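Step one of this worksheet: look at the structure below.
Protein chains: 2
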Amino acid sequence: MDKQELLVRTAFKLFYTRGIHAVGVNLVLAESGIAKKTLYHHFPSKAHLVEAAIRYRDRNYRAWLISRLEHVPAGKPALLELFNALNDWFHSRESDIDHFNGCFFINASAEFGDRGSVIHRACAEHKAGITALIRKHIDELSLPEGTTEEITKLVVLLKEGAISMAHVQGNLDAALEAKGILVRVLQDRMANR
Amino acid sequence: MDKQELLVRTAFKLFYTRGIHAVGVNLVLAESGIAKKTLYHHFPSKAHLVEAAIRYRDRNYRAWLISRLEHVPAGKPALLELFNALNDWFHSRESDIDHFNGCFFINASAEFGDRGSVIHRACAEHKAGITALIRKHIDELSLPEGTTEEITKLVVLLKEGAISMAHVQGNLDAALEAKGILVRVLQDRMANR
DNA sequence: TCCAAGGTAGACAAGTTAGTCTACTGAGAG
DNA sequence: CTCTCAGTAGACTAACTTGTCTACCTTGGA
Chain A
1 MDKQELLVRT AFKLFYTRGI HAVGVNLVLA ESGIAKKTLY HHFPSKAHLV EAAIRYRDRN
61 YRAWLISRLE HVPAGKPALL ELFNALNDWF HSRESDIDHF NGCFFINASA EFGDRGSVIH
121 RACAEHKAGI TALIRKHIDE LSLPEGTTEE ITKLVVLLKE GAISMAHVQG NLDAALEAKG
181 ILVRVLQDRM ANR
Chain B
1 MDKQELLVRT AFKLFYTRGI HAVGVNLVLA ESGIAKKTLY HHFPSKAHLV EAAIRYRDRN
61 YRAWLISRLE HVPAGKPALL ELFNALNDWF HSRESDIDHF NGCFFINASA EFGDRGSVIH
121 RACAEHKAGI TALIRKHIDE LSLPEGTTEE ITKLVVLLKE GAISMAHVQG NLDAALEAKG
181 ILVRVLQDRM ANR
């Protein structure tokens, strides 16, 4: 692995587990065994390293989620699998995406609250990308006009809520609870058409 | 206002708007006009000041929410009012709880990821307190056995999800969307009894 | 064999961090 | 009026922050 890649991966792991402001570049360097000049050769500043770490996580997380959803039939099974995947993530059973410590993008947004900042915007883009992915699967359900949008919002709200509850409250079963609620809601909705 | 209180309020405001690790005690002192020795007379360390700021926010936010919910009839109207209150918060129309910058407890948990830490635990306790408050209102609905718990989870997940979407994605209308979804779900549920 | 150049090394600088120090002030008790 | 002491003041320390510096190494091509 080339040094740039190693820097980004090491930085991500540290930022994710300890927080971005709490981790200095010296720690990233000590952990990766790379010299400071090399870091500043590849990145003009720590902020650029942070940005690279966010993009790295975006690629990784997205790839993980896609791989989890593609081996089940499209539509409702994929929706349920989404919550199974979240459940495995919360319980740190997915080595591809590291030991669960909340959503890196929510955490980063917490540290870089200014919505105009590059970092905050990158986090928003990640969330929009995941939402688009989910919407694609809900399209498969061929729901009546307007309902697709509503169900997408429901699923995304449940997902985000589950992540928050799992991390802040330590309720690692939040994804399963959200799945149970979603199943009931979809049943009731179908019964009332 | 005595200096201890002023320190805590100033610290909270800065921590909330800029992040905890990003704000040094020197900034809190400069902003409040208080000397360093006075801070360390009242608090043994910055960590204790952070803890005090969290407890301050807990009291304040809880009091605000209670006052918003008590002037409507208990039960369903209170539930809907919860989301109206969130909506006003997201749009920074509630001066009691400062300009919206996400949930301070989620943000603090992001910076202090270790669930064993005092700060993370205080955040979890806050969330548990708010959930209890919400559950109390759902009890008023006199729902069938077991349903109270499920609806409580739904409401809390929607609330947390809305906060995340409002902050990270900047979707300030997330509370209204969550309210719309909740209304539909409750209708469907009632129709299927 | 030699040169060139991108990549590497870690000492260094300037500023900021949390926390400590001695000295002073002012209000209340006797 | 005087003593006492909690509360106040801000200069100071040591460690850490990000970012820069000169010097060196290694590799590919002629």
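So the sequence lines, in the order shown, correspond to chains A and B.
At position 163 of the first sequence the residue is numbered 163 (full-length UniProt numbering), and the sequence of numbers has no breaks.
At position 160 of the second sequence the residue is numbered 160 (full-length UniProt numbering), and the sequence of numbers has no breaks.
We put the beta carbon where it would ideally sit given N, CA and C, even for glycine.
Since this is a predicted model, take the numbers as computed values, not measurements.
Inter-residue spacing [alpha-carbon to alpha-carbon] between residue i and residue j
| i | j | result |
| --- | --- | --- |
| histidine 21 of chain B | threonine 148 of chain B | 40 Å |
| histidine 126 of chain B | glutamine 4 of chain A | 41 Å |
| arginine 135 of chain A | alanine 74 of chain B | 36 Å |
| glycine 102 of chain A | isoleucine 106 of chain B | 10 Å |
| histidine 41 of chain B | glycine 33 of chain B | 15 Å |
| proline 44 of chain B | leucine 79 of chain B | 41 Å |
| alanine 122 of chain A | phenylalanine 104 of chain A | 11 Å |
| residue 197 of chain A | lysine 37 of chain B | As displayed, chain A neither begins before 1 nor continues past 193, which places residue 197 of chain A out of reach and without an answer. |
| phenylalanine 15 of chain A | glutamate 111 of chain B | 10 Å |
| glutamate 31 of chain A | isoleucine 54 of chain A | 19 Å |
| leucine 182 of chain A | arginine 68 of chain B | 29 Å |
| isoleucine 163 of chain B | glycine 146 of chain A | 24 Å |
| valine 155 of chain A | alanine 63 of chain A | 20 Å |
| glycine 161 of chain B | glycine 180 of chain A | 16 Å |
| alanine 128 of chain A | glutamine 169 of chain B | 8 Å |
| histidine 71 of chain A | arginine 18 of chain A | 34 Å |
| arginine 9 of chain A | lysine 153 of chain A | 32 Å |
| valine 28 of chain B | tyrosine 56 of chain A | 35 Å |
| valine 50 of chain B | valine 118 of chain B | 10 Å |
| alanine 47 of chain A | histidine 91 of chain B | 29 Å |
| alanine 124 of chain A | glutamate 150 of chain A | 20 Å |
| leucine 7 of chain A | phenylalanine 100 of chain A | 21 Å |
| leucine 172 of chain B | alanine 35 of chain A | 43 Å |
| aspartate 114 of chain B | serine 142 of chain A | 43 Å |
| asparagine 60 of chain A | proline 77 of chain A | 23 Å |
| leucine 82 of chain A | histidine 167 of chain A | 18 Å |
| aspartate 2 of chain B | lysine 13 of chain A | 43 Å |
| alanine 11 of chain A | alanine 52 of chain A | 9 Å |
| valine 185 of chain B | leucine 39 of chain B | 51 Å |
| residue 196 of chain A | proline 144 of chain B | Since the first residue shown for chain A is 1 and the last is 193, residue 196 of chain A is missing from the structure and cannot be characterised. |
| isoleucine 130 of chain B | histidine 120 of chain B | 16 Å |
| histidine 137 of chain B | histidine 137 of chain A | 35 Å |
Neighbour-count burial assignment, residue i, 16 or more Cβ in a 10 Å radius
| i | result |
| --- | --- |
| aspartate 58 of chain B | buried |
| aspartate 139 of chain B | exposed |
| methionine 165 of chain B | buried |
| arginine 189 of chain A | buried |
| glycine 116 of chain B | exposed |
| serine 109 of chain B | buried |
| glutamine 187 of chain B | exposed |
| isoleucine 66 of chain A | exposed |
| asparagine 192 of chain B | exposed |
| alanine 132 of chain A | exposed |
Amino acids of chain B, ordered along the chain, whose beta-carbon sits closer than 8 Å to that of residue i
| i | result |
| --- | --- |
| aspartate 98 of chain A | Going along chain B, no residue has its Cβ under 8 Å from aspartate 98 of chain A, so there is no contact; the nearest lies around 12 Å. |
| lysine 76 of chain A | Residues of chain B passing the Cβ test: none, with the nearest at roughly 17 Å. |
| lysine 127 of chain A | Met165, Val168 and Gln169 |
| alanine 124 of chain A | Val168, Gln169 and Gly170 |
| glycine 146 of chain A | Simply none; closest approach about 11 Å. |
| glutamate 150 of chain A | Gly180, Ile181 and Arg184 |
Partner residues on chain A for residue i, Cβ-Cβ distance less than 9 Å
| i | result |
| --- | --- |
| aspartate 58 of chain B | Residues of chain A passing the Cβ test: none, with the nearest at roughly 13 Å. |
| isoleucine 130 of chain B | By Cβ distance, chain A contributes nothing, its closest Cβ being about 11 Å from isoleucine 130 of chain B, past 9 Å. |
Beta-carbon neighbours of residue i, restricted to chain A and to distances below 8 Å
| i | result |
| --- | --- |
| asparagine 101 of chain B | Gly113 |
| arginine 18 of chain B | Gly113 |
| glutamate 177 of chain B | Lys153 and Leu157 |
Chain B residues whose Cβ lies nearer than 9 Å to that of residue i
| i | result |
| --- | --- |
| asparagine 192 of chain A | Gln187, Asp188, Ala191 and Asn192 |
Within chain A, partners of residue i - CB distance below 7 Å
| i | result |
| --- | --- |
| alanine 166 of chain B | Going along chain A, no residue has its Cβ under 7 Å from alanine 166 of chain B, so there is no contact; the nearest lies around 10 Å. |
| histidine 21 of chain B | Gly19, His21 and Ala22 |
| glycine 33 of chain B | Simply none; closest approach about 24 Å. |
| alanine 162 of chain B | Leu157 |
Residue i Cβ short of 8 Å to the ligand FAD heavy atom set
| i | result |
| --- | --- |
| leucine 79 of chain A | Among the components modelled here there is no ligand, and therefore nothing to report on the ligand FAD. |
Residues that residue i contacts on chain B, provided the C-beta gap is smaller than 7 Å
| i | result |
| --- | --- |
| asparagine 107 of chain A | Ala110 |
- Item | Contact the stretch 16-36 of chain B vs the stretch 86-96 of chain B: 3+ CB pairs below 8 Å | no
- Would you say the stretch 80-90 of chain B touches the stretch 162-179 of chain B, given that touching needs at least three Cβ pairs under 8 Å? Because the criterion of three Cβ pairs below 8 Å is met, the stretch 80-90 of chain B and the stretch 162-179 of chain B touch.
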